[in-house]
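Below is one structure, written out as structure tokens; the observations come after it.
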Amino acid sequence: MEEGKIRNSITGTPQGGIISPILAIIYLNELDEYMNQLSQKYFKGKRRKTNPEYRRLICNRHNRIRQGRYKEAKEMLKQALKMQTANPTDPDFVRVNYVRYADDFIILVTRAKALAQKVKTEAAEFLSNKLKLELNLEKTLITNLLRDRARFLGYEICKAKCDTKMTITKKGSKQRSINGSIQLLIPSKIINEKIKPFTKNGKPVRRKDRVKDSVLQIIKQYNAEIRGLYNYYSLANNASKYISKFQYYHYYSMVKTIGNKHKLKVRKTIKKFAVPIKRKDGTGTRNIIGIKYKTKSGHKILTYFCESLRRKITPLNTTCNINLNPTSRYKNEILSRLLKSQCELCGTNQEIKNIVVHHVRNVKGLKEKHEKGRKMKLWEKKMVKMNRRTLVVCKECHNKIHD
Numbered sequence: 026m027e028e029g030k031i032r033n034s035i036t037g038t039p040q041g042g043i044i045s046p047i048l049a050i051i052y053l054n055e056l057d058e059y060m061n062q063l064s065q066k067y068f069k070g071k072r073r074k075t076n077p078e079y080r081r082l083i084c085n086r087h088n089r090i091r092q093g094r095y096k097e098a099k100e101m102l103k104q105a106l107k108m109q110t111a112n113p114t115d116p117d118f119v120r121v122n123y124v125r126y127a128d129d130f131i132i133l134v135t136r137a138k139a140l141a142q143k144v145k146t147e148a149a150e151f152l153s154n155k156l157k158l159e160l161n162l163e164k165t166l167i168t169n170l171l172r173d174r175a176r177f178l179g180y181e182i183c184k185a186k187c188d189t190k191m192t193i194t195k196k197g198s199k200q201r202s203i204n205g206s207i208q209l210l211i212p213s214k215i216i217n218e219k220i221k222p223f224t225k226n227g228k229p230v231r232r233k234d235r236v237k238d239s240v241l242q243i244i245k246q247y248n249a250e251i252r253g254l255y256n257y258y259s260l261a262n263n264a265s266k267y268i269s270k271f272q273y274y275h276y277y278s279m280v281k282t283i284g285n286k287h288k289l290k291v292r293k294t295i296k297k298f299a300v301p302i303k304r305k306d307g308t309g310t311r312n313i314i315g316i317k318y319k320t321k322s323g324h325k326i327l328t329y330f331c332e333s334l335r336r337k338i339t340p341l342n343t344t345c346n347i348n349l350n351p352t353s354r355y356k357n358e359i360l361s362r363l364l365k366s367q368c369e370l371c372g373t374n375q376e377i378k379n380i381v382v383h384h385v386r387n388v389k390g391l392k393e394k395h396e397k398g399r400k401m402k403l404w405e406k407k408m409v410k411m412n413r414r415t416l417v418v419c420k421e422c423h424n425k426i427h428d
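First residue of the sequence shown: 26, per this note's numbering; consecutive thereafter.
Following this line, the structure appears as structure tokens:
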């Protein structure tokens, strides 16, 4: 759709269109079924066998302890901690796991590289013969997670290896539980790219494009950015480290933007807009930039994002629970306006198929045009009066708006 008019595409679905992921999910369902069959085909064994060298060394260590030869036992323990407890090349243990999101997928294979190459070839042949798709060989790589990292959906995936990190079991013994565990990491390049718009020469800077906005809008915009970044990368093992780094530059960029709007330096800006927030450990309060604003239910205070940046073990629940019943207590406003099937401009009742929603970027822009001496149109007056960026109208009125 260009300038409110529908134009038929010559070459099909536009690149980056919102329907592209949905079409990919439908079309690649065949690949999902094929990969599930492939996983079952190669599935073998319940667990890996114990590494024979490790087992022999531990048995000899126990014998040295019984004999009172503690120094030798200590040396044997050091050697054992450098080995894997399970046999990494066990031929009787095989797993092939597959995960896909839209048109991106990753296949995790245990055992040898030869098996990974075989699975890759079989998947490529299925895509080519059955679905008439070509596998991107530049992006489709075979990676050893112990040595390198695989990229998937903005995360880096690797296998942890640390011989010194110990955890205590329920029985009281120590074990290297972190070894061999799969970790999700935030790539440092992504955070550095996210920081760039808010820094210059390694220091936080103001955003000139936001100086004209109100303080409330500035804080909302900055909050949306860091909350979105944290919600997406909260599953990463290094989420606290990298999101905290981003938060520092992001916060002081916001402070300087608000300070530039009111012609204040950083210290005076913090002093003027500081809101005392209780510390989570209960040791007092700390000051964070915020503002008090008025709502229908009374006054509220909006501060900069100050939630804990700890790693989350489970992903954010994004299930949408919109109730389509307009008489519901928890009704959605725009849905209830649509279901009335009434044009908010001419007031006529229409069939639901003849009702459309007209959007504007913001109501503030309509007011600014009026202040500059431009006469407001009827639909503009209606939106300003309602203080809404949407207007439910019939097709006839919608065509008049765009004439």
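Backbone N, C-alpha and C define an ideal beta-carbon position, used for all residues, glycine too.
It should be emphasised that the depicted structure is a prediction, and the values quoted were computed from it without experimental measurement.
Item checked: Environment of threonine 320 [buried if 16+ CB atoms lie within 10 Å] -> Note on threonine 320: under 16 other CB atoms within 10 angstroms of its CB, so exposed under the neighbour-count rule.
Margin query: In whole angstroms, give me the CA-to-CA distance for arginine 354 and valine 417.
Written below: The pLDDT assigned to arginine 354 is 38, lower than 50, so where the model puts this residue is not dependable; a value taken from the coordinates is nonetheless given after this. Between arginine 354 and valine 417, the C-alpha separation is close to 21 Å.
Item checked: Proximity of glycine 70 and phenylalanine 118 at Cβ, strictly below 8 Å -> Closer than 8 Å, so yes.
Notebook entry, point to check: Which partner residues of asparagine 374 appear in the DSSP bridge assignment?
Noted result: Its beta-bridge partners are Gln367.
Margin query: Check this for me: beta carbons of tryptophan 404 and leucine 370, under 8 Å apart or not?
Written below: If you check the CB distance, tryptophan 404 and leucine 370 come in under 8 Å.
Check: What is the DSSP secondary structure of aspartate 129, counted as helix, strand or coil?
Finding: The three-state secondary structure of aspartate 129, taken from DSSP, is strand.
Checklist line | Alpha-carbon to alpha-carbon, methionine 108 and arginine 72 | finding: Between arginine 72 and methionine 108, the C-alpha separation is close to 18 Å.
Checklist line | Minimum C-alpha distance to leucine 209 - residue among Leu170, Gln242, Asp238 and Pro229 | finding: Distances from the CA of leucine 209 to each of Leu170, Gln242, Asp238 and Pro229 were compared; the closest alpha carbon is that of Leu170.
Next item on the list: Answer with buried or exposed for leucine 391, where buried requires no fewer than 16 other C-beta atoms within 10 angstroms of its C-beta.
Entry: Residue burial annotation: leucine 391 is buried, with at least 16 other C-beta atoms found within 10 angstroms of its C-beta.
Next item on the list: Just the C-alpha distance for cysteine 345 and leucine 360, rounded to the nearest angstrom, thanks.
Entry: Unreliable placement is indicated for cysteine 345, whose pLDDT of 48 sits below 50; the coordinate value is still reported in the next sentence. Going by the C-alpha atoms only, they are around 14 Å apart.
Notebook entry, point to check: Under a Cβ-count criterion, where at least 16 other Cβ atoms within 10 Å of its own Cβ denotes burial, should asparagine 76 be classed as buried or exposed?
Noted result: By the beta-carbon neighbour count (other beta carbons within 10 angstroms, threshold 16), asparagine 76 is buried.
Check: Can you list the beta strand (DSSP E) stretches of 3 or more residues lying completely in the region 257-332, in chain order?
Finding: Residue ranges of uninterrupted beta strand (DSSP E) with 3 or more members, entirely inside the region 257-332 and ordered along the chain, are 299-303, 310-320 and 323-328.
Next item on the list: Identify, in the order they occur along the chain, each residue of the same chain with its Cβ nearer than 6 Å to the Cβ of isoleucine 12, setting aside the five sequence neighbours on each side.
Entry: Residue 12 falls outside the range modelled here, since the chain spans only 26 to 428, and no answer is possible.
Notebook entry, point to check: How should histidine 423 be labelled, buried or exposed, when 16 other C-beta atoms within 10 angstroms of its C-beta is the threshold for buried?
Noted result: Under this definition histidine 423 is a buried residue.
Notebook entry, point to check: Is the beta carbon of valine 144 sitting closer than 8 Å to the one on leucine 48?
Noted result: Their beta carbons are not under 8 Å apart, which means valine 144 does not touch leucine 48 by this criterion.
Checklist line | For glutamate 181, the three-state DSSP class (helix, strand or coil) | finding: In this structure, glutamate 181 counts as strand in the three-state DSSP scheme.
Check: Expressed to the nearest angstrom, what Euclidean distance is found between the alpha-carbon atoms of proline 301 and asparagine 248?
Finding: About 18 Å.
Checklist line | Chain-order list of residues whose beta-carbon lies under 7 Å from that of threonine 110 (same chain, five-residue window excluded) | finding: Cβ within range, chain order: Thr75, Asn76 and Tyr79.
Check: Grouping DSSP H, G and I as helix and E and B as strand, with all else coil, what is threonine 352?
Finding: Residue placement at threonine 352 cannot be trusted, given a pLDDT of 45 that sits under 50; what the coordinates show is reported in the next sentence. In this structure, threonine 352 counts as coil in the three-state DSSP scheme.
Next item on the list: Could you check if leucine 349 is buried or exposed, using at least 16 other CB atoms within 10 Å of its CB as the buried criterion?
Entry: Residue placement at leucine 349 cannot be trusted, given a pLDDT of 44 that sits under 50; what the coordinates show is reported in the next sentence. With fewer than 16 Cβ atoms within 10 Å of its Cβ, leucine 349 is classed as exposed.
Note to self: Taking DSSP's pairing of strands, which residues face arginine 176 in a bridge?
What the structure shows: Among the bridge pairs identified by DSSP, arginine 176 is matched with Glu181.
Next item on the list: Following the continuous beta strand (DSSP E) through glutamine 208, name the residue where it begins and the one where it ends.
Entry: First-last of the beta strand (DSSP E) with glutamine 208: 207-210.
Next item on the list: Under 6 Å Cβ to Cβ from tyrosine 277, same chain only, skipping five residues before and after it: list those, please.
Entry: So the list reads Pro229, once near-sequence residues are dropped.
Next item on the list: Keeping to the same chain, check which residues put their C-beta closer than 7 Å to that of phenylalanine 330; ignore five residues upstream and five downstream.
Entry: Counting only residues of its own chain and dropping the five nearest sequence neighbours on each side, phenylalanine 330 has a CB closer than 7 Å to the CB of Asn248, Ile251 and Arg252.
Check: What residue from Phe223, Arg336 and Val240 has the CA that sits closest to lysine 266's CA?
Finding: Closest by C-alpha distance to lysine 266, out of Phe223, Arg336 and Val240, is Arg336.
Item checked: Cβ distance (whole Å) where isoleucine 220 is taken to contact phenylalanine 271 below 8 Å -> 6 Å between Cβ atoms; contact.
Margin query: Going by the DSSP bridge assignment, what does proline 229 pair with across the sheet?
Written below: According to DSSP, which records beta bridges pairwise, proline 229 is partnered with Thr224.
Check: Assuming leucine 156 contacts glutamate 55 under a Cβ cut-off of 8 Å, what Cβ separation, rounded to an integer in Å, is found between them?
Finding: With 8 Å as the limit, leucine 156 and glutamate 55 qualify as a contact, their Cβ atoms being about 6 Å apart.
Next item on the list: Tell me whether the beta-carbon of histidine 383 lies closer than 8 Å to the beta-carbon of isoleucine 426.
Entry: In this structure, isoleucine 426 lies closer than 8 Å to histidine 383 by Cβ.
Next item on the list: Identify every residue that forms a DSSP beta bridge with asparagine 122.
Entry: According to DSSP, asparagine 122 bridges with Leu133.
Check: With burial defined as no fewer than 16 other Cβ atoms inside 10 Å of the residue's Cβ, what is the status of valine 291: buried or exposed?
Finding: The Cβ neighbour count for valine 291, taken over all protein chains shown within 10 Å, is under 16; the residue is labelled exposed.
Margin query: Does isoleucine 268 pass the burial test, meaning 16 or more other C-beta atoms within 10 Å, or should it be called exposed?
Written below: Around the beta carbon of isoleucine 268, 16 or more other beta carbons lie within 10 angstroms, which makes this residue buried.
Checklist line | Collapsed DSSP secondary structure at threonine 146 in the structure displayed | finding: Under the three-state reduction of DSSP output, threonine 146 falls in the helix class.
Notebook entry, point to check: Just checking my contact of tyrosine 59 with phenylalanine 151 at CB under 8 Å: how many whole Å lie between their CB atoms?
Noted result: In this structure tyrosine 59 touches phenylalanine 151 by the C-beta definition: roughly 5 Å separates them, less than 8 Å.
Check: Among the residues of its own chain, which have a CB less than 8 Å from the CB of valine 236, if the five just before and after it don't count?
Finding: The answer, listed in chain order, is Thr282, Asn285 and Lys286.
Margin query: I need the boundaries of the beta strand (DSSP E) containing isoleucine 167, first residue and last residue.
Written below: From DSSP, isoleucine 167 is part of no beta strand (DSSP E); its letter is neither H nor E.
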